[in-house]
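Protein chains: 2
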Amino acid sequence: MQNRGSINIGLIGLGVIGSGVVKILNEKADRITRQVGTHLVLKSAADLDESRKDTLSDSSVFTTDALSLIENPDIDIVIELIGGETPAKDYIKEAILCGKHVVTANKEVLAKHGPELLAMAGEHRVGLLYEASVGGGIPLIGPLKRNLQINNISAIHTIINGTTNYILTRMEKEGLEFAAALKEAQSLGYAEADPTNDIEGFDAAYKIAILATIAFHTDIRPDDVFHEGISRIASQDFRYAKELGYAIKLLAIAKKENSAVQARVHPVFIPDDILLAKVDGVFNAVQIEGDLSGKVLFYGRGAGAEPTANVIVADAIHLAQNINTGNSEKPELPFDERRIVKPMEDIETRYYIRMTIADQPGVLAQITKVLGEYSISISSAIQKETDRTSQSAEIVIMTHPAKEQAMQQALRQMEGLEVVREISNLIRVEG
Amino acid sequence: MQNRGSINIGLIGLGVIGSGVVKILNEKADRITRQVGTHLVLKSAADLDESRKDTLSDSSVFTTDALSLIENPDIDIVIELIGGETPAKDYIKEAILCGKHVVTANKEVLAKHGPELLAMAGEHRVGLLYEASVGGGIPLIGPLKRNLQINNISAIHTIINGTTNYILTRMEKEGLEFAAALKEAQSLGYAEADPTNDIEGFDAAYKIAILATIAFHTDIRPDDVFHEGISRIASQDFRYAKELGYAIKLLAIAKKENSAVQARVHPVFIPDDILLAKVDGVFNAVQIEGDLSGKVLFYGRGAGAEPTANVIVADAIHLAQNINTGNSEKPELPFDERRIVKPMEDIETRYYIRMTIADQPGVLAQITKVLGEYSISISSAIQKETDRTSQSAEIVIMTHPAKEQAMQQALRQMEGLEVVREISNLIRVEG
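So the protein lines, in turn, are chains A and B.
Per my numbering, residue 962 is the first one in the first sequence, and the count goes up by one each step.
Per my numbering, residue 962 is the first one in the second sequence, and the count goes up by one each step.
See the structure below:
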């Protein structure tokens, strides 16, 4: 024990999460001191927006100059909470070079540059912790690295974006259409004014890249992750899913297949009696399957100031305890099990297809013929609503497992059929 | 880094879990070496049953003398897996006194003597890790201590005994009676020949005592935990629960109320749409509510050789990494927030009562009168099956919140009523 007077934190970013960290450091100071054995002091806080000075109880620690904060020799731990790739990545690098321990919630930087930054932290014998970057307040990365590390992990199935899960839940429970549910999510602050990042699966792609990298000991970047959003889903998809015994969720999935991995984000049909199907609203869940552990699932709040700030401060406490006891950080093992990320075209799943066709005899035969040409066999085809005026009908087809490439080619060919008015949606079936 | 040639393990107990540990140490040797930076070697393995020597690939490390194993100066980490209070507790103590790090899965020793043993380990600067003692293969104690430590935890709701959850699931899904479901569980190896420990809630009481001690920083022992088993539950309780929108689970519950805590194990009605209601079969789940984290839930296999051995080996790896890097173990904080464990009589819940009454006018009035005398108000009373031969009827009463003491007194008085043939079951309602 080489207890010191205090351990000093420099915080970059005083937005929602940053203010949450400030609040916890203030309100839980006694408990934190007891855990660490030393005071954990907010020595400096940086933000470009000077009005955010007001979130601090001691505004004299405020600065607009993040670099001076990082280079301040009194700072032991830098907490980076500005988000986005630039300049956050440079700040984290500079902090490591200055010998500071780093805590970050930055999924984009971790997903794009995690392996290099972790290796760099290892070389400089500092810790780089990022529990808050995936799953907000849910402990995930710690258990994955610490308790499940010797598992041969075969699959990760996650509901990892609260915005889209909220929208899908509202569509399912209230019969809302996508646009109305999105508007509601925006008015509640669950979705941003420009919701692209969440809706189109970019956010989930970052997060699954981080988890898959750790779980498979393989360097997986966001560009490797196929992603498709939820904006094409309509209220009747939920009705049909329910009739067929499924729920619709936006899943981020990673699987290991011998020397390859799958990494993809898209809406899926999942059986409505499994636990993931019951994860509603803004909640997140991460299910991990390992050869020893079997299925393990972690569930909780994937966003929000308090849950996220909680795990950030917990990471800072862990680093402070190590500073205090003279313990070194365990360097991250290199993610050097080279595995190919399987192209989406080669992935095989079952499919749900909803389409509008001419309401006349022989149409289904024409459709099944096309599917047959691509070796796609049908497990059920049900005619749903009929519109007498336009002489059209909606049909729902469930297929047996087929290759994505074959399915996409079949879809294009079916779109060319005169009797097919519209292919309204294609949703993959998982589990 | 002060890398050594190898780090040596002494394993006491070569039963199901112990053999699982041996298997993992063999089969995952390369991965473990990579994690630790040094070989992790099974230097000695003790069991009183000499035939278990055969589970070892190198039978020369076998001994029947656990104490000589503990005192062997070559051993760095002792893994205790014999279970039960004696002599396991003495072995753990002796190992700590000999300066060995200890990993154990022993819920009974931890629940009864955890605080002393952890303090002792702290004094001797060794680690005492026990992730496997609660929730088998689910990472729980690590996340609770590391990621959720600064939360003010208000409640823990757990399905923490796989045997009883399997029995209840079979009763619910297949309409089995308790005896038949128990027999099935026994034939599958999910229940022991003498199932008392599981069925009557002793096992769950140990586990919730361990979790509550950590979560509330308060020394809670198994004797403080009220426990009631599942043997009184009948198939019609499941039918009625379903009609009313509930599932029946054996929960282990701990709650904080100002300066007091609740700690209890008993069957409960829980709303059938919450996540805990969907935890079926031998699976376990632990839900923790904290002021910062909100609700967090951990789910997975609570028993079984592989999942449990997995977290045991992970604990050993953690200790070995610290030995290797010269890091000291973080001493456990004392569980010194003194809180009174609230007696069961003072706890307030809602109740489900199933009883058989004489099928004649005015009976319900007599029953509600007795309940009213104890200030227990009824939220619904439904007459179920009627037996014309015996002129009796089964009724189900749901109450508003009432004190346990009042309810028990009312039950005794109702049993004295001539029109009450039998009070068949009383189940508390949670959530």
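Each residue gets a CB set at the ideal place from its N, CA and C atoms; glycine is no exception.
{"query": "Residues in the stretch 1283-1297 of chain B having any Cβ partner in chain A nearer than 7 angstroms", "result": "T1286, N1288, S1289, K1291 and L1294"}
{"query": "DSSP three-state assignment for N954(A), whether helix, strand or coil", "result": "Summary: the structure shown does not reach residue 954(A), with chain A confined to residues 962 through 1392, and so no result is reported for it."}
{"query": "Every unbroken alpha helix (DSSP H) inside the stretch 1107-1155 of chain B [4 residues or more]", "result": "1123-1135 and 1139-1148"}
{"query": "Anticipated Cβ contact below 8 angstroms, I970(B) with L1003(B), distance rounded", "result": "5 angstroms"}
{"query": "Residue from L972(B), F1139(B) and A1152(B) whose Cα sits closest to the Cα of S1005(B)", "result": "L972(B)"}
{"query": "Contact list for the stretch 1219-1246 of chain B against chain A, Cβ threshold 7 angstroms", "result": "L1236 and K1239"}
{"query": "Beta-bridge partners of Y1312(A), as assigned by DSSP", "result": "R1389(A)"}
{"query": "beta-carbon A1080(A) near the ligand MG non-hydrogen atom, thresh 7 angstroms", "result": "Absent from the structure shown: the ligand MG. Ligands present: none."}
{"query": "Min CB distance K1203(A) to chain B below 8 angstroms", "result": "no"}
{"query": "V1002(A): first and last residue of the uninterrupted alpha helix (DSSP H) it sits in", "result": "Unbroken run through V1002(A) is the beta strand (DSSP E), H1000 to A1007; no alpha helix (DSSP H)."}
{"query": "Neighbour list for K1462(A) in chain B, Cβ cutoff strictly below 9 angstroms", "result": "The question about residue 1462(A) has no answer here: the residues shown for chain A are numbered 962 through 1392."}
{"query": "Beta-carbon proximity check, A1202(B) vs A1208(B), cutoff 8 angstroms", "result": "yes"}
{"query": "As assigned by DSSP and simplified to three states, the class of S1338(A)", "result": "coil"}
{"query": "DSSP beta-bridge partners of M1359(A)", "result": "Y1313(A) and S1341(A)"}
{"query": "CA-to-CA distance, P1228(A) to V1390(A), given in whole angstroms", "result": "9 angstroms"}
{"query": "Short CB-CB distance (under 8 angstroms) between N1126(B) and chain A", "result": "no"}
{"query": "Chain-ordered residues of the stretch 983-996 of chain B with a beta carbon less than 8 angstroms from chain A", "result": "I985, K989, R992, I993, R995 and Q996"}
{"query": "Distance between I1169(B) and Y1052(B) (C-alpha atoms, nearest Å)", "result": "24 angstroms"}
{"query": "8 angstroms Cβ cutoff met for V1240(A) and Y1127(A)", "result": "no"}
{"query": "Contacting positions in the stretch 1252-1274 of chain A - beta carbon closer than 8 angstroms to chain B", "result": "D1252, L1253, S1254, G1255, K1256, V1257, L1258, F1259, Y1260, G1261, R1262, G1265, E1267, P1268, A1270, N1271, V1272 and V1274"}
{"query": "Residue span of the beta strand (DSSP E) that contains V1257(B), given as start and end", "result": "G1255 to R1262"}
{"query": "Local Cβ density within 10 Å of A1326(A), reported as buried at 16 or more and exposed below that", "result": "exposed"}
{"query": "Q963(B) at chain A interface by Cβ criterion, 8 angstroms", "result": "With a pLDDT of 45 at Q963(B), under the threshold of 50, the predicted position of this residue should be treated as unreliable, though the coordinate-derived value follows. It does not; no Cβ of chain A falls within 8 angstroms."}
{"query": "Three-way DSSP call (helix, strand, coil) for V1380(A) in this model", "result": "coil"}
{"query": "Beta-carbon proximity list for L1071(A), same chain, < 6 angstroms, skipping 5 on both sides", "result": "Y1091, S1094 and I1171"}
{"query": "Own chain partners of F1199(B) with C-beta closer than 7 angstroms, once the 5 adjacent residues on each side are dropped", "result": "M1132, E1133 and I1209"}
{"query": "Interfacial residues, the stretch 1109-1139 of chain A to chain B, with Cβ spacing under 8 angstroms", "result": "L1109, Q1110, I1111 and N1112"}
{"query": "Beta-ladder partner(s) of G1251(A), from DSSP", "result": "I1114(A) and G1255(A)"}
{"query": "Per-residue contacts from N1104(B) into chain A (C-beta, under 7 angstroms)", "result": "Contrary to the premise, residue 1104(B) reads as Pro rather than Asn in this sequence. By Cβ distance, chain A contributes P1100, G1103 and P1104."}
{"query": "As assigned by DSSP and simplified to three states, the class of F1230(A)", "result": "strand"}
{"query": "Whole-angstrom distance between P1295(B) and I1160(B), CA atom to CA atom", "result": "32 angstroms"}
{"query": "C-beta contact flag for V1381(A) and M1316(A) at 8 angstroms", "result": "yes"}
{"query": "Environment of A1165(A) [buried if 16+ CB atoms lie within 10 Å]", "result": "buried"}
{"query": "Short CB-CB distance (under 8 angstroms) between E1092(B) and chain A", "result": "yes"}
{"query": "Interface flag, R1107(A) vs chain B, CB-CB below 8 angstroms", "result": "yes"}
{"query": "Nearest candidate by alpha-carbon position, reference E1298(B), set V1222(B), P1322(B) and L1237(B)", "result": "V1222(B)"}
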